[in-house]
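Asks: Under the numbering used here, the sequence shown has 429 at position 324, and the numbering climbs by one with no breaks. Can you keep this structure in mind? I'll have questions shortly.
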Amino acid sequence: MKQITEIKATFKSLPVSTQAQLLDELLQEFEMNGHLIESVKMDIKEQKSKKPCPHCASLKVYKRGKQHGTQMYQCRACNKWYSETTGTPLWDIKLKHKWQSYLRCMQQGMSIKKTAKELNISIQTSFDWRHKILSALDSYTPQTLSGTIECDEMELPVNNKGQRNLKRPARKRGTDFKRNEASAKPTLVQIIASVERGGEKLIKAVESKRLSAEEIAQVLDKKIKEGATLITDKHPSYRKFTKSHPEIKHRVLYGKQHVSKEDSEIHLQRANQTHSQIKAFLRPFNGVSTKYLQNYLNWYAYSGKLNQNKETLKQWLVAIFMSQQAYQLFWLFKENAVIIRT
């Protein structure tokens, strides 16, 4: 204890800038040695003693030793073997000791190529790791919204970044497109942001020429609790959706009003603020391909929750370890993804 007290006293005597630099260096060394992953594993083990079988969901499982330091299990119901990382983004990863540093690069908003150079990994590996992590966040989207909910859509042009066989002339700039003109397919992505005034956000991307009630239903059906109040603009599709859901109270903001003249509680300020934040969040990536957009929207929504937590990196790892379907979701996504050529 005396040594710890002396170290603390020496640390406090250092300039603030030196303290911050030392803490950052110690934390990075802690991460690179894999200690943070082990710490997260211990926390999860305290919450649940055994991992359910990912093949049949049975709890009748038993430990069968370790393989390369990873706990192995066997299921008594289906007799299949699996590890504690099966189904998670860490499954079949050979450089697990670099994941904490990779998450730190993501926190800092570094590009895929810059992260690859920083960690001495290939660009393809950097790309795959990013989307394995983002696939784990799909389960952290809210299941239901309640209370007062603001809902509005934002339009972005369909982005075919990375695609090499375009069926249209290439654009010179991101805004160089004609809105749904003479095109059988939509040239727009509608980002539907449903923001609960309590803080939860449900954000979904839909390729659509003009948002329909059916597309709104795909996003909001069974997501809004009975008795909740849904505030929207005068888009007729919202009216049609709420008409088929009488358990939802619908309030409409007419014209170009920012706040209703009849009731100051009827406004879309939180939804509009979310749209501005999404644009700012996506800007450093210099355009996100539409087929990857939902992953980035999940990242934005989850990062908002992390900002309220001091142990951000640890929460990232908890999300990764707790997600049992991320690996499967990643491969579904990968079927439509491009191979990075360097």
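Each residue gets a CB set at the ideal place from its N, CA and C atoms; glycine is no exception. Just so we're clear, the structure is a prediction, and the values are computed from it rather than from any experiment.
1. Helix, strand or coil, according to DSSP, for M137 in the structure here?
2. In the DSSP output, which residue or residues are listed as bridge partners for I329?
3. Looking only at its chain, what residues have a beta carbon closer than 6 Å to the beta carbon of K309, apart from the 5 residues adjacent to it on each side?
4. Please report the straight-line C-alpha distance between Q382 and S313, rounded to a whole angstrom.
5. Helix, strand or coil for Y397, going by three-state DSSP, please let me know.
6. Please give the ranges of any alpha helix (DSSP H) in the segment 338–404, keeping only runs that are unbroken, at least 4 residues long and fully inside the region.
7. Quick one, are the C-beta atoms of W186 and Q176 less than 8 Å apart?
8. Out of curiosity, what's the CA-to-CA distance linking V347 and G409?
9. Which runs of the beta strand (DSSP E) fall wholly inside the segment 196–269 and span at least 3 residues, in chain order?
10. Smallest Cα separation from D257: which of K306, Q108, T220, N225?
11. Would the segment 380–395 and the segment 259–271 be scored as touching if the rule is three or more Cβ pairs under 8 Å?
12. Report the rounded CA-to-CA distance for H236 versus L250, giving the unit in angstroms.
13. DSSP state of L307, grouped into three classes?
14. From the DSSP output, in three-state form, read off E189 for me.
15. Going by beta carbon distance, what residues of the same chain come within less than 8 Å of E352, once the five residues before and after it are set aside?
16. In chain order, what residues of the same chain lie with their CB nearer than 7 Å to the CB of L227, ignoring the 5 residues before and after it?
17. Can T230 and I336 be called in contact, C-beta distance under 8 Å?
18. With DSSP collapsed to three states, give me the class of L127.
19. Compute the Euclidean distance between the alpha carbons of Y407 and P389, then round it to the nearest angstrom.
20. Applying the criterion that 16 or more other CB atoms from any shown protein chain within 10 Å of the CB defines a buried residue, is E151 buried or exposed?
21. Comparing alpha-carbon positions, which option in D233, I371, T379 lies nearest N400?
22. Ends of the beta strand (DSSP E) at A298?
23. If you run the structure through DSSP and keep just helix, strand and coil, what is G174?
24. Residues bridged to C180 by DSSP?
25. Taking C-beta to C-beta, are E189 and K165 nearer than 8 Å?
26. Ignore the nearest five residues each way along the sequence and tell me which others in N403's own chain have a CB closer than 7 Å to its CB.
27. Should R375 be labelled buried (16 or more other beta-carbon atoms within 10 Å of its own) or exposed?
28. With C-beta atoms as the reference, is A182 less than 8 Å away from C158?
Replies: On the basis of the coordinates in this document:
1. Note that M137 has pLDDT 49, beneath the 50 cutoff, so the model's placement of it is unreliable and the number below is only indicative. Under the three-state reduction of DSSP, M137 is assigned to helix.
2. Answer is L250, bridged to I329.
3. Cβ neighbours of K309 within its own chain (closer than 6 Å, five residues either side excluded): I297, V324.
4. The straight-line gap from Cα to Cα measures roughly 22 Å.
5. Of the three classes helix, strand and coil, the one that applies to Y397 here is helix, per DSSP.
6. For the segment 338–404, whole alpha helix (DSSP H) runs of length 4 or above, ordered along the chain, are 341–348, 374–387.
7. Between W186 and Q176, the C-beta gap is not smaller than 8 Å, which leaves the two residues out of contact.
8. According to the sequence as given, residue 347 is Thr; it is not Val. In a straight line, the C-alpha of T347 is about 29 Å away from that of G409.
9. Given a length threshold of 3 residues, each whole run of the beta strand (DSSP E) inside the segment 196–269 is given here in chain order: 253–262.
10. The residue with the shortest Cα to Cα distance from D257 is K306.
11. Output reads yes: the segment 259–271 touches the segment 380–395.
12. Those two C-alpha atoms are separated by around 26 Å.
13. Reduced to three states, the DSSP call for L307 is strand.
14. Under the three-state reduction of DSSP output, E189 falls in the coil class, being neither helix nor strand.
15. Only E331, G332 meet the Cβ criterion.
16. Looking at the sequence provided, one finds Ser at residue 227 rather than Leu. Contacts found: A221.
17. The criterion of a C-beta distance shorter than 8 Å is not satisfied by T230 and I336.
18. The three-state secondary structure of L127, taken from DSSP, is helix.
19. The alpha-carbon atoms of Y407 and P389 are separated by roughly 18 Å.
20. Note on E151: pLDDT 49, under 50, position unreliable in the model; the coordinate value appears next. Within a 10 Å sphere around the beta-carbon of E151 sit fewer than 16 other beta-carbons, which makes this residue exposed.
21. Of D233, I371, T379, the residue nearest in Cα terms is D233.
22. Per DSSP, A298 is one residue of the beta strand (DSSP E) stretching across 293–301.
23. Note: G174 maps to coil in three-state DSSP.
24. Beta-bridge analysis with DSSP links C180 to V166.
25. Taking 8 Å as the Cβ cut-off, E189 and K165 do not qualify as a contacting pair.
26. Contacts found: L239, L242, D243, T246.
27. Burial call: buried.
28. A contact, by the Cβ cut-off of 8 Å.
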